[in-house]
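Quick note, the sequences are listed as chains X and H, same order.
Quick note: the first sequence uses the numbering used here, first residue 1, plus one each step.
Quick note: the second sequence uses the numbering used here, first residue 159, plus one each step.
Step one of this worksheet: look at the structure below.
There are 2 protein chains.
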Amino acid sequence: MTQHTAKQEVEETDCASDEAMREFLGYSLKRAYMVSHKNASEAIEPFGLKVRSFSALTLIVSNPGIPPSRLAEILQIERSNLVLIMDELETRELISRTRDPQDRRRFALNATLRGKRLQEKAAAASAARQEKIISRLTTAEYETLQALLRRFEEGSDS
Amino acid sequence: MTQHTAKQEVEETDCASDEAMREFLGYSLKRAYMVSHKNASEAIEPFGLKVRSFSALTLIVSNPGIPPSRLAEILQIERSNLVLIMDELETRELISRTRDPQDRRRFALNATLRGKRLQEKAAAASAARQEKIISRLTTAEYETLQALLRRFEEGSDS
DNA sequence: TATTGTTATACTCTATAACTATA
DNA sequence: TATAGTTATAGAGTATAACAATA
Numbered sequence: 001m002t003q004h005t006a007k008q009e010v011e012e013t014d015c016a017s018d019e020a021m022r023e024f025l026g027y028s029l030k031r032a033y034m035v036s037h038k039n040a041s042e043a044i045e046p047f048g049l050k051v052r053s054f055s056a057l058t059l060i061v062s063n064p065g066i067p068p069s070r071l072a073e074i075l076q077i078e079r080s081n082l083v084l085i086m087d088e089l090e091t092r093e094l095i096s097r098t099r100d101p102q103d104r105r106r107f108a109l110n111a112t113l114r115g116k117r118l119q120e121k122a123a124a125a126s127a128a129r130q131e132k133i134i135s136r137l138t139t140a141e142y143e144t145l146q147a148l149l150r151r152f153e154e155g156s157d158s
Numbered sequence: 159m160t161q162h163t164a165k166q167e168v169e170e171t172d173c174a175s176d177e178a179m180r181e182f183l184g185y186s187l188k189r190a191y192m193v194s195h196k197n198a199s200e201a202i203e204p205f206g207l208k209v210r211s212f213s214a215l216t217l218i219v220s221n222p223g224i225p226p227s228r229l230a231e232i233l234q235i236e237r238s239n240l241v242l243i244m245d246e247l248e249t250r251e252l253i254s255r256t257r258d259p260q261d262r263r264r265f266a267l268n269a270t271l272r273g274k275r276l277q278e279k280a281a282a283a284s285a286a287r288q289e290k291i292i293s294r295l296t297t298a299e300y301e302t303l304q305a306l307l308r309r310f311e312e313g314s315d316s
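See below:
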């Protein structure tokens, strides 16, 4: 390698960019996801929730009586990894685990009044934060983004 | 809790959905990202690359002489976590680490011919896989998605 | 004194196997 | 025999602190 070449390389580092990765949608998806995740985390942290536990709580609120196996399926996580999340939510009395009388292997998960209230507050805080980030997008653009993401996601299993 | 209520809850589990989480863009972002990441992983696995190492290699190819500190900055990972990735790429003779003569604290990272060729093949395989997923989107829609994702990402630091 | 690359380490997240109780 | 929930554990990925070499 000539000294001239080496000099060029050093100069180029000043304007190093990630443009080469932008042809891969996954790269942009990950970065957008990271921004969103960081913001949501900060928004719900005051409520003692993480994105994971907030998602679980939200789905229990909106799907009363859901069994853990179904919840794990929706969240696309292993049942074993859901246990600790449920344990914490139950200890904090945000949800209840009651045996399903029809099938005593299953539990029915339900949010307590306290859980519903906390979920509402956390959801509002998260939505308020999200508003700030998406302020550069019009409502129509936001809805287009949501729709395209869902079609992309669903396109994988066709 | 009455038996009637319990019965309702059990019935509702059959149609349990994640609709309640869809108001949070991050949820859709994560799921789309997961689909994309899984596909990219499978596409480049035959080349002995992970998404992480492929991204690093791609950026080294497109930014000759880039120092590790700048690469870590672009990839938004800690310098310490980049070391093992570089070690592996160097061991496989896909990149070279040479001291920057202007600042002997730095390294200049460069892809070898072998590294460039592998990156090209892996990129082609990844792009081919991506094509399949995004086949439900028109070219215009795909570009809209990319543009909206970048605006969303950049909206966070304004 | 500050920065680059590095090592060691801890912490979280995720994946797998095995167990129990129920069906 | 199969399934739901659980436990234990191992493997990634990520974050932090401290160090040597260099500026």
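Note that beta-carbon positions come from the ideal geometry of N, C-alpha and C, so glycine has one too.
- Under the 7 Å criterion on CB atoms, Ala178 (chain H) is classed as interfacial with respect to chain X.
- Around the beta-carbon of Asn239 (chain H), fewer than 16 other beta-carbon atoms lie within 10 Å, marking it exposed.
- Between the alpha carbons of Leu233 (chain H) and Pro225 (chain H) lies a gap of roughly 12 Å.
- Ala266 (chain H): not part of any alpha helix (DSSP H); member of the beta strand (DSSP E) spanning 265-269, first to last residue.
- It is roughly 27 Å from the alpha-carbon of Gly115 (chain X) to the alpha-carbon of Met34 (chain X).
- The beta carbon of Ile85 (chain X) sits no closer than 7 Å to any beta carbon of chain H.
- Excluding the 5 residues flanking it on each side, Ser53 (chain X) has same chain C-beta neighbours closer than 7 Å at Ile85, Glu88, Leu89, in chain order.
- Between Ser220 (chain H) and Ala20 (chain X), the gap from beta carbon to beta carbon is short of 7 Å.
- Approximately 7 Å separates the beta-carbon atoms of Ala40 (chain X) and Phe182 (chain H); this is inside 8 Å, confirming the contact.
- Listed along chain X, no residue sits closer than 8 Å to Leu215 (chain H) by beta-carbon distance, the nearest being about 10 Å off.
- The beta carbon of Glu251 (chain H) sits closer than 7 Å to the beta carbons of Thr270, Arg272 from its chain, once the five residues preceding and following it are set aside; these are given in chain order.
- Membership of Ile218 (chain H) in the alpha helix (DSSP H) is indicated by the continuous run 209-220.
- Interface with chain X (7 Å Cβ-Cβ cutoff): Glu311 (chain H) is included.
- Residue contact check for Ser96 (chain X) against chain H: no CB pair falls below 7 Å.
- Separation of Ala56 (chain X) and Asn110 (chain X) (C-alpha to C-alpha, rounded to the nearest whole angstrom) is 11 Å.
- Between the C-alpha atoms of Ala125 (chain X) and Ala43 (chain X) there is a straight-line separation of about 6 Å.
- Only residues of its own chain outside the window of five on either side were considered, and among them Ala122 have a CB closer than 6 Å to the CB of Leu49 (chain X), listed in chain order.
- For the 7 Å CB-CB criterion, Ser17 (chain X) and Gly184 (chain H) do not form a contact.
- For Asn239 (chain H), no CB of chain X lies under 7 Å from its own CB, so it is not counted at the interface with that chain.
- Here the alpha carbon of Ser135 (chain X) sits roughly 21 Å from the alpha carbon of Glu299 (chain H).
- Taking 7 Å as the threshold, the shortest C-beta distance from Ile218 (chain H) to chain X does not fall below it.
- Contact with chain H is found for Ile74 (chain X), since one of that chain's Cβ atoms lies less than 7 Å from the residue's Cβ.
- In this chain, the beta strand (DSSP E) harbouring Ile253 (chain H) covers 253-257.
- Ranked by Cα distance from Glu154 (chain X), the first of H:Arg189, H:Arg180, H:Cys173 is H:Arg189.
- Against Glu141 (chain X), the close residues of chain H are Leu306, in the order they occur along the chain (beta-carbon pairs closer than 7 Å).
- As computed with DSSP, Ile224 (chain H) is found in a beta bridge with H:Leu267.
- For Ser53 (chain X), there are no neighbours in chain H by C-beta distance under 9 Å, as the nearest C-beta there is about 13 Å away.
- At a cut-off of 7 Å between C-beta atoms, Arg294 (chain H) counts as an interface residue with respect to chain X.
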